[in-house]
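The block underneath contains the structure these notes are about, expressed in structure tokens.
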Amino acid sequence: MFSTARKNAPCILFIDEIDAVGRKRGGRSFGGQSEQENTLNQLLVEMDGFNTQSGVVVLAATNRVDILDPALLRPGRFDRQIYVPAPDIKGR
Numbered sequence: 002m003f004s005t006a007r008k009n010a011p012c013i014l015f016i017d018e019i020d021a022v023g024r025k026r027g028g029r030s031f032g033g034q035s036e037q038e039n040t041l042n043q044l045l046v047e048m049d050g051f052n053t054q055s056g057v058v059v060l061a062a063t064n065r066v067d068i069l070d071p072a073l074l075r076p077g078r079f080d081r082q083i084y085v086p087a088p089d090i091k092g093r
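Residue 2 is where the sequence shown starts when you use our numbering, and the numbers rise one by one after that.
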């Protein structure tokens, strides 16, 4: 997905429900990492490869910012948060 975004720049890459892969990593004593943790680690590596001149903007949405891994919210990754409240009756 990231290599396709780079090839098609300028573009916007939108990841919906990022909490599905971006959940806080836990210390497992079993030895191996879960698929979710491996996916999160790869996502972090890919995001570190972008810069402001890449022509790719990465956006994500979540209902659970409280469970996101802090590494996702570091500068250069998802470092800006915009809260979008539920619409009121009139807005629906």
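Even for Gly, the Cβ is constructed at its ideal location relative to N, Cα and C. None of these values were measured; they are calculated from a predicted model.
Can you grab the Cα-Cα spacing for the pair R78 / S35, in whole Å?
-> When rounded, the distance between both Cα atoms is 22 angstroms.
Roughly how many angstroms separate the alpha carbons of A10 and S55, rounded to a whole number?
-> 7 angstroms
Find out if the Cβ-Cβ distance for the pair L45, V22 is shorter than 8 angstroms.
-> no
I68, DSSP secondary structure in three states | helix
Indicate whether I16 and A61 have their beta-carbon atoms separated by less than 8 angstroms.
-> yes
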